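I have placed the structure first, in the form of structure tokens, so that the comments after it can refer back to it.
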Amino acid sequence: MLRYTEYPPKGYRVRMSTYWWTARWAYLKFILREISSVFVAWFILETLLEIHALIGGPAAYADFQGFFQQPIVIVLNVITLFFVLFHAVTWFNLAPKAMAIRLGGKRLPPAAIAGPNYVAWVVVSAVVAWLVLRG
Amino acid sequence: MNKRSNEPFLWLLFSAGGVIAALLIPIQLFLFGLAFPLGWIHAPSYDQILALARSPLGRVYLLIFCILPLFHWAHRFRYTLYDGLQIKHLNELVNTVCYGGATVGAVAAAYLIWRIP
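As you go down the protein sequences, you meet chains A and B in turn.
Residue numbering for the first sequence follows this note's numbering, beginning at -11 and increasing consecutively.
Residue numbering for the second sequence follows this note's numbering, beginning at 105 and increasing consecutively.
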């Protein structure tokens, strides 16, 4: 059993249940946040498929739009949006914990560091939407 | 152990990919994954999307947009399996699948973006 060689155990260690993350809401939130990466990868895969269709020409591209319209893909994309938003919010809120900026001996309040992240998010989203939709 | 750890480099990719994913995926997913297919917003034509994607800036954007989040996934998912399921004895396999998968994805992305007419 003791084949976990990366960090050799020193002395007695309590064995943790495989399902330890179901014990508390905070643990579950942690795992959901980590799982969000799978949905990030899923959307990149969708984007690659879209680029592939784009290379194929107008007919292939029009055909491929049917893929996005399938109910199962729509449902999957709704779930993906939920996880990606969860990732974004937890990521932006993490910034104040990762950098402790001090001004005049006092630590800057978390909102002063997380705030600009949200502003950047809105601005970047607006620019992307404008570029795609301006026609 | 004299071997330098490549953990900082992988963490940097994870971190950069996390920023890109947080800033850019929600709006793109909303537009291309929901708003256009469901007809909430009129989708741009093939020519418009092609014009955006084929421009030099568009290609650089797509390259960053695709590659960094793949490595973000690789790093985070690796540790999800490591901490969450505690399958530490499969460490090497997990690492190969995660970083290897991201590398294959990155190469595929570069190839596809290069091939945009």
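For each residue, glycine too, the CB sits at the ideal point set by N, CA and C.
The structure presented is a predicted model; accordingly, all values stated were derived computationally and were not measured.
- If you ignore the 5 residues before and after alanine 210/B, its C-beta comes within less than 8 Å of the C-beta of Cys170, Ile171, Leu174, Phe175, all in its own chain and listed in chain order.
- Between alanine 100/A and the set Leu69/A, Phe56/A, Lys85/A, Lys17/A, the nearest pair of CA atoms involves Lys85/A.
- For alanine 108/A and valine 115/A, the gap between their C-alpha atoms comes out near 10 Å.
- Non-local beta-carbon contacts of arginine 182/B in its own chain, meaning distances under 8 Å to residues more than five positions away in sequence, involve Val198, Asn199, Cys202, Tyr203 in chain order.
- Counting along the chain, histidine 40/A sits inside the alpha helix (DSSP H) bounded by residues 13 to 44.
- Per the coordinates, the alpha-carbon of leucine 189/B lies some 13 Å from the alpha-carbon of tyrosine 15/A.
- Nearest Cα to glycine 122/B within the set Trp8/A, Ser25/A, Val61/A: Ser25/A.
- Contact annotation, phenylalanine 31/A with threonine 68/A: C-beta distance approximately 6 Å; criterion of less than 8 Å satisfied.
- Under the three-state reduction of DSSP, leucine 189/B is assigned to coil, being neither helix nor strand.
- For the segment 184 to 201 of chain B, the set of residues with a beta-carbon nearer than 7 Å to any beta-carbon of chain A comprises Thr184, Gly188, Leu189, Gln190, Lys192, His193, Asn195, in chain order.
- Within chain B, the residues whose beta carbon sits less than 7 Å from that of phenylalanine 80/A are Ala126, listed in sequence order.
- Using a CB distance cut-off of 8 Å, tyrosine 203/B does not count as an interface residue toward chain A.
- For glutamine 132/B, the number of other beta carbons within 10 angstroms of its own is at least 16, and it is reported as buried.
- When DSSP states are grouped into helix, strand and coil, arginine 95/A belongs to the strand group.
- Listed along chain B, the residues sitting closer than 7 Å to threonine 6/A by beta-carbon distance are Leu189, Gln190.
- In summary, the residues of the segment 97 to 114 of chain A whose CB is separated from some CB of chain B by less than 9 Å are Asn105, Ala108, Trp109, Val112, Ser113, Ala114, in the order they occur in the chain.
- By the C-beta criterion, the segment 56 to 64 of chain A is judged to be in contact with the segment 132 to 150 of chain B, since at least 3 inter-stretch pairs fall below 8 Å.
- It is roughly 43 Å from the alpha-carbon of asparagine 81/A to the alpha-carbon of alanine 47/A.
- Comparing alpha-carbon positions, the option among Pro112/B, Trp177/B, Leu166/B lying closest to glycine 205/B turns out to be Trp177/B.
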